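Protein chains in written order, with this note's numbering: chain A, 2 to 537; chain B, 12 to 302.
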Amino acid sequence: MNTANETTLDGHNQGADNDHEHEPMPTGIKRWLFTTNHKDIGTLYLWFSFIMFLTGGAMAMVIRAELFQPGLQLVEPNFFNQMTTVHGLIMVFGAVMPAFTGLANWLIPMMIGAPDMALPRMNNWSFWILPFAFLILLSSLFMEGGGPNFGWTFYAPLSTTYSPDSTALFVFSVHIMGISSIMGAINVIVTIVNMRAPGMTWMKLPLFVWTWLITAFLLIAVMPVLAGVVTMVLTDKFFGTSFFDAAGGGDPVMFQHIFWFFGHPEVYIMILPSFGIISAIIPAFSRKRLFGYASMVYATASIAILSFLVWAHHMFTTGMPVFAELFFMYCTMLIAVPTGVKIFNWVATMWRGSITFETPMLFAIAFIILFTIGGFSGLMLAITPADFQYHDTYFVVAHFHYVLVTGAIFSIMAAAYYWLPKWTGHMYDERLAQWHFWSSVISVNVLFFPMHFLGLAGMPRRIPDYAIQFADVNQIVSIGGFAFGLAQLIFLAVVIKCIRGGKQAPAKPWEGSEGLEWTIPSPAPYHTFSTPPEIK
Amino acid sequence: MTTKHQPYYVPSQSAWPIIGAVGLFLIAVGAGQYIQQLKTDGTSGGYILTAGIGVILFMIFGWFRAVIQESMAGLYSSQMDRSFRQGMSWFIFSEVMFFAAFFGALFYARMIAVPWLGGAANNAMTHEVLWPNFVAIWPLETTPSGETTQAMPWSGLPLINTIILLISSVTLHFAHVSLEKSKRTALTIWLGLTILLGLVFLVLQAEEYIYAYQEMGLTLSSGIYGNTFYLLTGFHGMHVTLGTVFLLVLLLRVLKGHFTPDKHFAFQAGSWYWHFVDVVWLCLFAFVYVL
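Shown next, in the form of structure tokens:
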């Protein structure tokens, strides 16, 4: 689709035209603290995300260890609640979102032929405030009264009347995460709109760029709403307001409306970039062009628009008027249409392709199958009367872990394997990577699939104890969980091994891959496309 | 390439962002502790907060100085200028959505929460069981739990403030036109006048708050009416303050001879921001005061 100018192939356009590029390459800690380079910042985001992934994962291990048997054995219920809460917050805001932002930083400028992100210093700021936000969040766990224990959705009045004192710190750390996301999203949008190389027209953009453009729009639209709702929680708890207190004329259900107005677009923020990744990998390893490029773009946009009209499907049991229940049910089901278009297109791309099964492709195929399972359970949850049964059970937990772990996280893993040669200049260890894939894909299903049955049988989520009849399945789930957690250490090993050495990667290590990033050498030079390539 | 390409300016390493990150960290920790210490006699939060604000101000000053120097040195291409404009527009959009959250709360409370507490729709039993004496009217002068307050009338100070802000938008527009026509004296006068109007607005707003607290019993804790009133007008007031500082910096730069008729992104951004704050006020005036 995109054939770049020959001059970019050998990378000889690097360096000659910008004064600052004659400066010596910065080294040491200063390189990372002061950096304005999109590749450095992308690397920082990705490592930060991985550290958070392991941290949140450790909390999941605590949860699964406690749930290994019925009764209370390892942790206090209040600590259990803090674990579920902070696990969710870390995985959403600390692992998945920064991973996507890191990929955006690394890839978007290279994919559109831009010299860097549009606002490089702000880009640095967007990243460096994040570790501080999570430092605050994590340190609140060690304070008197404990950390946040009200669930990552911090429903009022759990987060207002009944929350620990550290809630003020929780609120401000969420504010910082929001500021980071908004600035990051502004950078992405402006980069895509303003910095495309000549000839890189809209319908030539790689789908990863398209999906991120739409994601960035969603971020700018809803992160401020999250900031608003945490602010109301803060004033309700500390300044005597009653936004979420019926005694003062407010309504706790109003919290849920405002939160989910943010929250539902948020879940698409965590999946749309995945769609872009899968749309790059499936064609590359099928050695065919992507089937239905334009329909992919329109489907992404439709999903984004619909995401603003479905928030109350999280609240079917709150006693909304029947009209509202029906409206949100139908709108939710409508989302299956553009999502179905995407699944169809990926499968059609593979149809009669000459497929090879390197690790990125394995993760991508697993994504299609397992994300579809998560999508189907989502459809089940969308049916209002059925949701009355499923609401707040492990069925919901199973559903969103299928879309977030085997969806978002698997696509991030696929992306990491796919672009690692470009980032490090080395091929990763394919054998070890396949070990990672197979152990992950098996354990993740042992972990999450039985949760569907637990939920349908009535096991409630976020409770440290359960009835005796759930014991066997919970043990299986916990074993799957420990195995999945361990399997991710293989990923760490593959990445470190790949950075330290390995077979030299050519500029284009994957036969079927397309896009400007494969026209520059591996590893990608520190500055790329200082002079924009011409896209024919 | 045949046409000469002006390279996109990618700044070299900068310490300002990490300084800003530390500043924001101190603000968050300080503000969090300060709020937790409201009921105790601890003071550490206040100090950390002040330090954080100091660091952020230092960062803003240094970062903006660097950007202004780069701009004056002609490092910014027209493409760069577009990046700034688009960035500012999206930032303002994010601000719109921030206010939307609070307007959403206002509408939800007025249209749904309060009527339901009064027994509307299928909530007769809610009303009967929880607060049978509660009367659902807006402005909510008596909350279900019995707190009473008075509603802020729209005539008087709010109306005067509306007129002041509207005029300030016009004067700022005149300033912009003067800048584009290179009429520097007119530019200075119109811009100065805008700042003055902004300050008058803020003083009157403060006076309104004092009156509300002391005479009307309308406080932050007087139920959903007072909550939405203070959070909406309060955040708006903070934005007017920020906007006024923004314009003040622009005025200083104008006096130093910055900006040309065709290159004045900072001025443009400040004026967009001011107009945005003005529009928010109009919505506020309509939905918080009048209707």
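A virtual CB, placed ideally from N, CA and C, is assigned to each residue, including glycine.
Just so we're clear, the structure is a prediction, and the values are computed from it rather than from any experiment.
Original post:
Mind pulling the chain E residues with CB within less than 9 Å of residue 322(A)?
Top reply: No chain E appears in this structure, whose protein chains are A and B.
Original post:
Which bits of chain B does residue 120(A) rub up against, with CB to CB less than 9 Å?
Top reply: Position 119 of the first sequence, counted from the start, is the residue given in the question as residue 120(A). Those are 94, 95, 98, listed as they occur along chain B.
Subject >> residue 267(A) versus residue 93(A): straight-line alpha-carbon distance, rounded >> reply: Within the first sequence, residue 267(A) is the residue found at index 266, counting from 1. Within the first sequence, residue 93(A) is the residue found at index 92, counting from 1. When rounded, the separation of the alpha-carbon atoms in residue 267(A) and residue 93(A) is 9 Å.
Original post:
Is the Cβ of residue 176(A) closer than 8 Å to any Cβ of chain B?
Top reply: For the purposes of this step, residue 176(A) is taken as the residue at position 175 of the first sequence. Taking Cβ atoms only, chain B reaches closer than 8 Å to residue 176(A), which makes this a yes.
Subject >> Residue burial classification, residue 237(A) (beta-carbon count within 10 angstroms, cutoff 16) >> reply: If you number the first sequence from 1, residue 237(A) lands on position 236. It is buried - the Cβ of residue 237(A) has at least 16 other Cβ atoms within 10 Å.
**OP:** Identify which residue in 107(A), 464(A), 120(A) has its Cα closest to the Cα of residue 187(A).
**Re:** Taking the first residue of the first sequence as position 1, residue 187(A) is located at position 186. Nearest C-alpha to residue 187(A): 120(A).
Original post:
Distance, Cα to Cα, residue 582(A) vs residue 155(B)?
Top reply: The requested residue 582(A) is not part of the displayed model; chain A covers only 2 to 537.
Original post:
So who's on the other strand from residue 274(B), going by DSSP bridges?
Top reply: Mapped onto the second sequence, residue 274(B) falls at position 263. In DSSP, residue 274(B) forms a bridge with 271(B).
**OP:** Determine the DSSP secondary structure at residue 258(A), reduced to helix, strand or coil.
**Re:** As a first step, residue 258(A) must be located in the first sequence, where it is residue number 257. Here DSSP, grouped into helix, strand and coil, assigns residue 258(A) to helix.
Subject >> alpha helix (DSSP H) segment containing residue 156(A), residue limits >> reply: Here residue 156(A) refers to the residue found at position 155 when the first sequence is read from its first residue. Here residue 156(A) belongs to no alpha helix (DSSP H), and DSSP marks it neither H nor E.
Original post:
Does any C-beta atom of chain B lie closer than 8 Å to the C-beta of residue 343(A)?
Top reply: As a position in the first sequence, residue 343(A) is number 342, starting the count at 1. Output row for residue 343(A): interface = no.
Subject >> For residue 363(A), the nearest candidate out of 286(A), 293(A), 453(A), 319(A) (CA to CA) >> reply: Counted from its first residue, the first sequence places residue 363(A) at position 362. For the residues 286(A), 293(A), 453(A), 319(A), the minimum Cα distance to residue 363(A) belongs to 286(A).
**OP:** Compute the distance between the beta-carbons of residue 219(A) and residue 308(A), then report whether it is under 8 Å.
**Re:** By one-based count along the first sequence, residue 219(A) stands at place 218. By one-based count along the first sequence, residue 308(A) stands at place 307. Cβ distance < 8 Å, so residue 219(A) and residue 308(A) count as in contact.
Original post:
Whose C-beta lies closer than 6 Å to the C-beta of residue 271(A) among residues of the same chain, with five residues either side of it excluded?
Top reply: Residue 271(A) sits at position 270 when you count from the first residue of the first sequence. If we look at residue 271(A) and ignore the five residues flanking it on each side, its Cβ neighbours are 97, 409.
Subject >> Integer Cβ distance of residue 34(B) from residue 67(B), believed to fall under 8 Å >> reply: The residue you call residue 34(B) lines up with position 23 of the second sequence. The residue you call residue 67(B) lines up with position 56 of the second sequence. Sure, about 4 Å apart at Cβ, within 8 Å.
Subject >> Beta-carbon neighbours of residue 244(A), restricted to chain B and to distances below 9 Å >> reply: The residue labelled residue 244(A) in the question sits at position 243 within the first sequence. Per Cβ cutoff of 9 Å: 116, 120, 235, 238, 239, 242.
Subject >> alpha helix (DSSP H) runs contained entirely in the segment 103-187 of chain A, provided each spans 4 or more residues >> reply: 121-140
Original post:
Under 7 Å Cβ-Cβ, which residues of chain B neighbour residue 173(A)?
Top reply: On the first sequence, position 172 is the one that residue 173(A) refers to. Within 7 Å Cβ-Cβ: 39, 42, 43.
**OP:** Compare the Cα-Cα distances from residue 230(A) to each of 199(A), 269(A), 293(A), 158(A) and report the closest residue.
**Re:** What you label residue 230(A) is simply residue 229 of the first sequence in a count that begins at 1. Nearest of 199(A), 269(A), 293(A), 158(A) to residue 230(A), Cα basis: 158(A).
Subject >> Neighbour list for residue 136(B) in chain A, Cβ cutoff strictly below 9 Å >> reply: The residue labelled residue 136(B) in the question sits at position 125 within the second sequence. Residues of chain A with a Cβ closer than 9 Å to the Cβ of residue 136(B) do not exist; the shortest Cβ-Cβ separation is about 11 Å.
Original post:
Within 10 angstroms of its Cβ, does residue 50(B) collect 16 or more other Cβ (buried), or is it exposed?
Top reply: Indexing the second sequence from 1 puts residue 50(B) at position 39. It is exposed - the Cβ of residue 50(B) has fewer than 16 other Cβ atoms within 10 Å.
Original post:
Going by C-alpha distance, which of 62(B), 29(B), 22(B) is nearest residue 39(B)?
Top reply: Translated into positions along the second sequence, residue 39(B) becomes position 28. The shortest C-alpha separation from residue 39(B) is found at 62(B).
Original post:
Does any C-beta atom of chain B lie closer than 8 Å to the C-beta of residue 367(A)?
Top reply: Taking the first sequence and counting its residues from 1, one reaches residue 367(A) at position 366. With 8 Å as the cut-off, residue 367(A) does not count as an interface residue toward chain B.
**OP:** Tell me, to the nearest whole angstrom, how far the beta carbon of residue 179(B) is from that of residue 205(B); I am working on the premise that it is less than 8 Å.
**Re:** Position 168 of the second sequence, counted from the first residue, corresponds to residue 179(B). Position 194 of the second sequence, counted from the first residue, corresponds to residue 205(B). For residue 179(B) against residue 205(B), the beta-carbon gap comes to about 5 Å, under 8 Å, which counts as contact.
Subject >> Contact belief for residue 64(A) with residue 85(A) at Cβ below 8 Å, rounded distance in angstroms >> reply: Taking the first sequence and counting its residues from 1, one reaches residue 64(A) at position 63. Taking the first sequence and counting its residues from 1, one reaches residue 85(A) at position 84. Here residue 64(A) really is in contact with residue 85(A); their C-beta atoms are around 6 Å apart, less than 8 Å.
Original post:
Can you name the residues of chain B whose CB is closer than 7 Å to the CB of residue 302(A)?
Top reply: The residue labelled residue 302(A) in the question sits at position 301 within the first sequence. Under the 7 Å cutoff, chain B gives no residues; its nearest Cβ is about 17 Å from residue 302(A).
Original post:
When you compare only the Cα positions, how much space is there between residue 226(A) and residue 155(A)?
Top reply: By 1-based counting over the first sequence, the position of residue 226(A) is 225. By 1-based counting over the first sequence, the position of residue 155(A) is 154. Approximately 14 Å between the Cα atoms of the pair.
Original post:
Are the segment 23-37 of chain A and the segment 461-480 of chain A touching by the rule of at least three beta carbon pairs closer than 8 Å?
Top reply: no
**OP:** Give me the Cα-Cα distance between residue 247(A) and residue 163(B), rounded to the nearest whole angstrom.
**Re:** Here the question's residue 247(A) lines up with position 246 in the first sequence. Here the question's residue 163(B) lines up with position 152 in the second sequence. Distance between the alpha carbons of residue 247(A) and residue 163(B) is about 22 Å.
Subject >> Residues bridged to residue 461(A) (per DSSP) >> reply: Start at 1 with the first residue of the first sequence, and residue 461(A) comes out as number 460. Answer is 394(A).
**OP:** Could you confirm whether any beta carbon from chain B is found closer than 8 Å to the beta carbon of residue 23(A)?
**Re:** For the purposes of this step, residue 23(A) is taken as the residue at position 22 of the first sequence. With a pLDDT of only 49 at residue 23(A), under the threshold of 50, the placement of this residue in the model should not be trusted, and no figure is reported.
Subject >> C-alpha gap between residue 306(A) and residue 110(B), whole angstroms >> reply: In the first sequence, residue 306(A) corresponds to position 305, counting from 1. In the second sequence, residue 110(B) corresponds to position 99, counting from 1. So the two alpha carbons sit approximately 20 Å from each other.
Original post:
Do you know offhand how far residue 284(A)'s Cα is from residue 354(A)'s?
Top reply: What you label residue 284(A) is simply residue 283 of the first sequence in a count that begins at 1. What you label residue 354(A) is simply residue 353 of the first sequence in a count that begins at 1. Using only the alpha carbons, I get a separation of about 8 Å.
Subject >> Buried versus exposed call for residue 127(B) [16 or more other C-beta atoms within 10 Å across all chains shown] >> reply: The residue you call residue 127(B) lines up with position 116 of the second sequence. Answer is buried; the Cβ neighbour count reaches 16.
Original post:
Taking just the CA atoms, how far does residue 346(A) sit from residue 291(A)?
Top reply: On the first sequence, position 290 is the one that residue 291(A) refers to. On the first sequence, position 345 is the one that residue 346(A) refers to. Using only the alpha carbons, I get a separation of about 8 Å.
Subject >> Expected contact under 8 Å - CB spacing of residue 411(A) and residue 371(A) to nearest Å >> reply: Stepping through the first sequence from its first residue, residue 411(A) is reached at position 410. Stepping through the first sequence from its first residue, residue 371(A) is reached at position 370. Confirmed, about 7 Å.
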